[in-house]
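Q: Numbering (the working numbering), first residue to last: 6 to 223.
The C-beta atom is built at its ideal place from N, Cα and C for all residues, glycine as well.
Let me begin by handing over the structure; questions about it come next.
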Amino acid sequence: MTHKLFWQNPYLTQLETHVTGVQGSDITVDQTIFYAFSGGQESDEGTIGDYRVLQARKDGKEIIYTLENGHLLKPGDPVTMRIDWTRRYRLMRLHFAAEIVLELAYRSLPAIQKIGAHIAPDKARIDFAWPERIAGMLPSLQEQALAIIAANHNIISSFSDQAQEQRYWEIAGFARVPCGGTHLKKSGEVGEIGLKRKNVGKGKERIEIYLADDQRRA
Ligand SMILES: [Zn+2]
């Protein structure tokens with residue numbers, strides 16, 4: 006099983022590791038910084054041994070990396086793993102923005118139910134089962150979220166059960182939430198965000214989260 010250094014240190018962008026298994030284009034490695042799609046957070050992009058990774062996917066506690074055609078790697082080979090840090094850091098900022106917004110939504114509307122979430126590098130979205138338009142809540146949600154971001158709280162990330170690879174994040178006095186994603190060290194790293202409501206069908210409400218630097222560019 007690969008040792009997942011993206012949890013211990015989600016700020017690593019390059020790693021010397023070893024190939025542990027090869028099956029055609031699919032390989033496994035002994036240690037990894039390369040996140041595989043999980044909990045709504047998209048996979049990283051990057052290279053292993055200078056070969057582009059086409060797909061990273063979880064298989065139980067293992068992560069299978071599919072490389073571009075023609076790699077010559079064998080089990081035991083030392084390889085350098087590199088991830089696209091611009092993409093990953095945007096995913097981490099939007100992921101944590103979504104964590105904050107979700108917690109605040111639960112507080113404002115205790116009966117609300119999350120039915121989906123997706124974190125991409127350009128925006129995050131959270132879908133709720135909720136019979137009313139959520140738009141009226143957004144200014145208050147945004148203001149509360151920005152206050153938590155501005156307070157630059159420490160974010161603790163750790164195992165609740167190491168054998169089962171169960172993780173959580175915590176901001177003391179705010180929330181402790183189970184999640185296996187990659188989390189920032191400080192809430193201030195999220196930066197300024199904007200929220201939008203999307204209509205996605207009867208009884209469903211979507212909140213989209215953007216990084217404000219993008220909104221200004223658009
Ligand atoms: Zn998370």
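#1: Is DSSP giving methionine 86 helix, strand or coil here?
#2: Less than 9 Å between the C-beta atoms of asparagine 157 and glycine 199, yes or no?
#3: Closest to alanine 180 by CA distance: which of Phe39, Ile153, Asn204 and His23 is it?
#4: Counting Cβ pairs closer than 8 Å, one from the region 129 to 141 and one from the region 111 to 120, do we hit at least three?
#5: Could you have a look at arginine 98 and say whether DSSP puts it in helix, strand or coil?
#6: How close, in whole Å, do the beta carbons of leucine 10 and threonine 37 come, if the pair is a contact with beta carbons under 8 Å?
#7: For glycine 44, I'd like the list of residues in its chain whose CB is within less than 7 Å of its CB, leaving aside the five on either flank, ordered along the chain.
#8: When a residue counts only if its C-beta is closer than 6 Å to some heavy atom of ligand 1, which residues count, in chain order?
#9: Following the continuous beta strand (DSSP E) through glutamine 118, name the residue where it begins and the one where it ends.
#10: Can you tell me whether glutamate 137 is helix, strand or coil according to DSSP?
#11: Can you give, in chain order, each stretch of the alpha helix (DSSP H) that sits fully within the region 129 to 175 and has at least 4 residues?
#12: Excluding five sequence neighbours on each side, which residues of the same chain lie with their C-beta closer than 7 Å to the C-beta of proline 15?
#13: Under 8 Å Cβ to Cβ from glutamate 170, same chain only, skipping five residues before and after it: list those, please.
A: Here's the rundown:
#1: Strand.
#2: no
#3: Ile153
#4: Contact between the region 129 to 141 and the region 111 to 120 is present, because at least three Cβ pairs lie under 8 Å.
#5: helix
#6: 6 Å
#7: Leaving aside the five residues that flank glycine 44 on each side, the residues in its chain whose CB is nearer than 7 Å to its CB run, in chain order, Cys184, Gly185 and Gly186.
#8: His100, Glu104, Trp174, Cys184, Gly186 and His188
#9: Counting along the chain, the beta strand (DSSP E) containing glutamine 118 begins and ends at 118 to 124.
#10: coil
#11: Residue ranges of uninterrupted alpha helix (DSSP H) with 4 or more members, entirely inside the region 129 to 175 and ordered along the chain, are 143 to 155.
#12: Met97, Thr187 and His188
#13: Lys9, Lys66, Phe164 and Gly185
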